[in-house]
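Just below is one structure, and these are the notes that go with it.
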Amino acid sequence: DQQVKQNSPSLSVQEGRISILNCDYTNSMFDYFLWYKKYPAEGPTFLISISSIKDKNEDGRFTVFLNKSAKHLSLHIVPSQPGDSAVYFCAATERRDDKIIFGKGTRLHILP
Amino acid sequence: KAGVTQTPRYLIKTRGQQVTLSCSPISGHRSVSWYQQTPGQGLQFLFEYFSETQRNKGNFPGRFSGRQFSNSRSEMNVSTLELGDSALYLCASRGQGAYGYTFGSGTRLTVV
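Same order as they appear, the protein sequences are chains A and B. According to the numbering used here, the first sequence is numbered sequentially starting from 30. According to the numbering used here, the second sequence is numbered sequentially starting from 45.
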């Protein structure tokens with residue numbers, strides 16, 4: 030049973046435009062959500078997170094939106110840059126010390 | 045400060061053999077988690093150790109085991125290797141009270 034779902038395996042976006050990556054979850058007990066970015070041959074790196082008590086968190090070009098009623102979150106990257114081409118993983122956890130569950134990832138291609 | 049260090053980076057083993065992977069967490073981090081990444085499956089949680097005790101476990105067969113030492117370093121062992129065990133194995137650590145992980149670069153295991 031996949032608790033964190035990223036239904037788009039890949040996404041292509043023109044440089045300078047907005048990239049929107051989506052994520053759905055099934056466990057209503059999740060209270061913290063994270064996005065990680067991964068380049069080939071490297072480990073994932075933390076990008077941005079959001080607590081379930083918020084509906085938006087912004088950090089520079091990256092904004093995460095959380096819709097708890099729909100059990101949906103999205104990552105917006107504006108403007109998209111070539112270095113943003115990577116695999117993005119959505120993740121969630123129930124408690125501070127609990128395991129983090131990851132989605133299968135979305136590969137983002139930024140086109141010149 | 046040094047990041048999460050995983051050794052070796054690459055490993056080739058024969059089916060039926062066993063393998064041990066090593067992880068040194070960030071200094072001061074007592075929680076160490078292991079994930080398996082395969083194409084199309086994302087990051088699948090193996091187990092988490094905290095202060096030498098396994099705190100969480102994923103849905104992997106008993107051939108996958110781990111341990112943590114008093115200095116927080118961790119090892120993961122896979123016995124009776126199968127072709128399907130070929131994957132990138134990622135170790136991550138986090139500080140007490142933190143939500144997010146810091147990942148190492150991973151060990152690429154190929155079983156032939």
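C-beta: ideal position from N, C-alpha, C; glycine also.
Interface criterion not met: the Cβ of B:S109 is under 8 Å from no Cβ in chain A. Interface annotation for the stretch 74-92 of chain B against chain A: S75, S77, Y79, Q81, G84, Q85, G86, L87, Q88, F89, F91 and E92, criterion Cβ-Cβ distance under 9 Å. In this structure B:L125 is buried. Its beta-carbon is surrounded by 16 or more other beta-carbon atoms within 10 angstroms.
Not a single C-beta of chain B is nearer than 8 Å to the C-beta of A:K85. Judged by DSSP secondary structure, A:F94 falls within the beta strand (DSSP E) whose first and last residues are F91 to N96. Per DSSP, B:I56 is one residue of the beta strand (DSSP E) stretching across Y54 to K57. From the beta-carbon of B:F147, the residues of chain A found nearer than 9 Å are Y65, K67, E71, G72, P73, T74 and F75.
Our two residues, A:L102 and B:Q61, have alpha carbons roughly 42 Å apart in a direct line.
Note on geometry: alpha-carbon atoms of A:N96 and B:V155 lie some 42 Å from one another.
Rounded to whole angstroms, the Cβ separation of B:G72 and B:G139 is 6 Å, and the two are in contact under 8 Å.
In the three-state scheme derived from DSSP, where H, G and I count as helix and E and B as strand, A:D53 is classed as strand. For B:H73, there is no enclosing beta strand (DSSP E), as DSSP gives it neither H nor E.
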